[in-house]
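Take a look at the structure set out below.
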Amino acid sequence: MKQSDDLKVFISTGDRDSACCECGEALGRGAWITLLEGKGALCLACADLDHLIFLPSGNTALTRRARKHSILSAVVLKWSRARKRYERQGLLVEEEAIKRAEAECLDDGEVRARRREREAERRAELDREYVERFALRVREFFPACPSGREKAIAEHACRKYSGRIGRSAAGKSLDEEAIRLAVTAHVRHAETRYDELLAKGYDRGEARERVEEEVLRVLAKWEGDHHSGA
Ligand SMILES: [Zn+2]
Numbered sequence: 006m007k008q009s010d011d012l013k014v015f016i017s018t019g020d021r022d023s024a025c026c027e028c029g030e031a032l033g034r035g036a037w038i039t040l041l042e043g044k045g046a047l048c049l050a051c052a053d054l055d056h057l058i059f060l061p062s063g064n065t066a067l068t069r070r071a072r073k074h075s076i077l078s079a080v081v082l083k084w085s086r087a088r089k090r091y092e093r094q095g096l097l098v099e100e101e102a103i104k105r106a107e108a109e110c111l112d113d114g115e116v117r118a119r120r121r122e123r124e125a126e127r128r129a130e131l132d133r134e135y136v137e138r139f140a141l142r143v144r145e146f147f148p149a150c151p152s153g154r155e156k157a158i159a160e161h162a163c164r165k166y167s168g169r170i171g172r173s174a175a176g177k178s179l180d181e182e183a184i185r186l187a188v189t190a191h192v193r194h195a196e197t198r199y200d201e202l203l204a205k206g207y208d209r210g211e212a213r214e215r216v217e218e219e220v221l222r223v224l225a226k227w228e229g230d231h232h233s234g235a
């Protein structure tokens, strides 16, 4: 049996130097991490949760709806020194789920204001020129990819590397391998049951194995004739 407890993400209090046990990225105070039993901390990118968006606690109706619409979600917790316990800061949910929840709460003026704020923040994070070039490369290698997806993939890749000093040069590479990795990650989340499996408590290795065939099938379809060697 898989445990179906909520996935938990912790905001590190940074009492000791730690690093992601997979990619080695430094995880200081304020870093968002998941904990692997018996191993240590994982950054959100390695945990495959970095496509989720933070919805702070506060609006119960919005939170409840966003959670309902999100296949994969995680509770964000932070240690309170004063109260000596973990306190809930909010939820990580899919962007689509937040949008749907907001649309259902539009009679709430505060929700409308927050939505404008969130959208402005999301736009400000993006390096437009990079997104544009990345999207063109996606279209080049995967000419049969559904319309508009190249932009979603490019925006995610851009966000993923924007906050990562020292890795940004490699991350911003537009070579075929980098593009393929980004598209593969997108397909896994968007075209297979991968997120559903993670939400059910499968570990990533197991979940990836289960969807691998499906991922390869979608990639081949999106490639169209590009690699047919004609
Ligand atoms: Zn990592």
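Residue numbers (the numbering used here): 6 to 235. Even for Gly, the Cβ is constructed at its ideal location relative to N, Cα and C. Note that the structure is predicted; figures quoted are calculated from it, not measured.
Asked	Found
Answer with buried or exposed for A129, where buried requires no fewer than 16 other C-beta atoms within 10 angstroms of its C-beta.	exposed
Per DSSP, which one or two residues make a beta bridge with I76?	DSSP lists no partner for I76.
Does DSSP put L27 in a helix, in a strand, or in coil?	It is Glu, not Leu, that sits at residue 27 in the sequence shown. Looking at E27 - three-state DSSP - the assignment turns out to be coil, as it is neither helix nor strand.
Once you ignore the five residues that flank I4 on each side, which residues in its own chain have a CB closer than 7 Å to its CB?	Outside the displayed range of the chain (6 to 235) lies residue 4, so it cannot be described from this structure.
One question on the structure: do Y135 and C163 come within less than 8 Å of each other, judged by their Cβ atoms?	yes
At what residues does the beta strand (DSSP E) containing T39 begin and finish?	W37 to L41
Have a look at V264 and E196 and give me their C-alpha separation to the nearest angstrom.	Here the chain has residues from 6 to 235 only, and residue 264 is not among them.
Among R198, W227, L131 and E145, whose alpha-carbon lies nearest the alpha-carbon of V216?	R198
Can you tell me which of E214, G206, D208 and V192 puts its alpha carbon nearest to the alpha carbon of K226?	V192
Measuring CB atoms only, is the segment 70-88 touching the segment 11-30, in the sense that at least three cross pairs come out at less than 8 Å?	yes
Could you compute how far the alpha carbon of R93 sits from the alpha carbon of V80?	7 Å
Whole angstroms is fine: what's the gap from E214's alpha carbon to D112's?	44 Å
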